[in-house]
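Student: Let me give you the structure first, and then I'll get to my questions.
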Amino acid sequence: MRNTNRIVVGDGYRGTPPYTQLWSNGSTASFQNNQPLGTYSVTLTDSHGCIDTATAIILSPPTLTATTTNYISSCDSINTVPAATVTVNASGGVPPYMYLWSNGQTSQTISNLATGNYSVIVTDANGCTVQPVAQAYNNDAALIQGDTLICTGSQTTLSTVPGTSFSWSSSSGVISTAPTVNVAQGVYTLNMVNMAGCAHTGSFQVNEHVCNTILNLTCLLQGITITDKCNRYC
47 MRNTNRIVVG DGYRGTPPYT QLWSNGSTAS FQNNQPLGTY SVTLTDSHGC
97 IDTATAIILS PPTLTATTTN YISSCDSINT VPAATVTVNA SGGVPPYMYL
147 WSNGQTSQTI SNLATGNYSV IVTDANGCTV QPVAQAYNND AALIQGDTLI
197 CTGSQTTLST VPGTSFSWSS SSGVISTAPT VNVAQGVYTL NMVNMAGCAH
247 TGSFQVNEHV CNTILNLTCL LQGITITDKC NRYC
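Each residue of the sequence shown is one higher than the one before, starting from 47 at the first, in our numbering.
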């Protein structure tokens, strides 16, 4: 914090100028600049030796603090584009406040954000700063990604968007609570609570496909000739 504390002696009235001043710290200047916190007294004397005394107290402003708020849209509506909004509220210090977000914006509230963390530097009129972090949440759906078609006997991996909790299930019940799961043929259901605190459900079907195979022909009987178009013989 910059030290900008200043005490100024006002113009004297009554008495007979010129006036002289004597501060409790020994200074004879008409003002005290960049002084630490504390109590200061000054004695003002006019040309006839008449005196008067005044006292000033330099106090520290309240500590600068800042909190952030995330505005979550209704869980009934799903964000298909970044739409999160966060705001910062400053108090203490010496207003007015200036804001500088990690994405370069300088307003108190920023909008149309993707899900993630955004830090903001709050600066008051004294140059004091605090840097809270805001978490932006979008109401993302329980999107499932993976292969819909696999070869017989194979497996595939299903994954989903980031969230806070997952529950994968099939006809046999819950099979995993991880973001990704290895599966064979069947129908799989994902129950997810996303980072906005909204619950969503998605389903995904994996089908088996008989993949093409190459057969090796073997001659079992003598005297039988198998000829291909390249004139190769068994």
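We put the beta carbon where it would ideally sit given N, CA and C, even for glycine.
Computed from a predicted model, the values in this text were never measured in an experiment.
Could you spell out the range, first to last residue, of the beta strand (DSSP E) harbouring Ala130?
Tutor: For the purposes of this step, residue 130 is taken as residue 84 along the sequence shown, with counting starting at 1. Counting along the chain, the beta strand (DSSP E) containing Ala130 begins and ends at 130–137.
Student: Take Gln67 and list the residues in its own chain whose beta-carbon comes closer than 8 Å to its own, dropping the five residues that flank it on each side.
Tutor: In the sequence shown, the residue the question calls residue 67 occupies position 21. The answer, listed in chain order, is Val55, Thr74, Ala75, Ser76, Val88, Thr89, Leu90, Thr91.
Student: Using the beta-carbon count (16 or more within 10 Å), is Thr115 buried or exposed?
Tutor: The sequence position of residue 115 within the sequence shown is 69, counting from 1. Its Cβ having fewer than 16 others within 10 Å, Thr115 is exposed.
Student: Please give me, in chain order, every unbroken run of the beta strand (DSSP E) with length at least 3 that falls completely inside the region 59–129.
Tutor: 66–69, 77–79, 84–91, 97–104, 111–117
Student: For Ala100, does the count of other Cβ atoms within 10 angstroms reach 16, so buried, or fall short, so exposed?
Tutor: Along the sequence shown, one-based indexing puts residue 100 at 54. Its Cβ having fewer than 16 others within 10 Å, Ala100 is exposed.
Student: For Ser249, report the span of its beta strand (DSSP E) as first-last.
Tutor: Numbered from its first residue, the sequence shown carries residue 249 at position 203. Looking at the DSSP string, the run of the beta strand (DSSP E) that includes Ser249 is 245–255.
Student: Name the one or two DSSP bridge partners that Ala182 has.
Tutor: Stepping through the sequence shown from its first residue, residue 182 is reached at position 136. In the DSSP output, where bridge partners are listed per residue, Ala182 has Gly162.
Student: Are Gln177 and Ile167 close, meaning C-beta to C-beta below 7 Å?
Tutor: Residue mapping note: residue 177 aligns to position 131 of the sequence shown, counting from 1. Residue mapping note: residue 167 aligns to position 121 of the sequence shown, counting from 1. Yes. Within cutoff.
Student: Is it the case that the Cβ atoms of Val140 and Asn163 are separated by a distance below 7 Å?
Tutor: Working through the sequence shown from its first residue, we reach residue 140 at position 94. Working through the sequence shown from its first residue, we reach residue 163 at position 117. Not a contact, by the Cβ cut-off of 7 Å.
Student: Within the same chain, show all residues whose beta-carbon is closer than 8 Å to that of Gln251, passing over the 5 residues directly before and after it, in chain order.
Tutor: Position 205 of the sequence shown holds residue 251. Hits under 8 Å: Thr194, Gly232, Val233, Tyr234.
Student: Where does Val140 fall in DSSP's three states?
Tutor: On the sequence shown, position 94 is the one that residue 140 refers to. Here Val140 sits in coil by DSSP.
Student: So what does DSSP say about Ser200, is it helix, strand or coil?
Tutor: By one-based count along the sequence shown, residue 200 stands at place 154. Ser200: coil per DSSP, three-state reduction.
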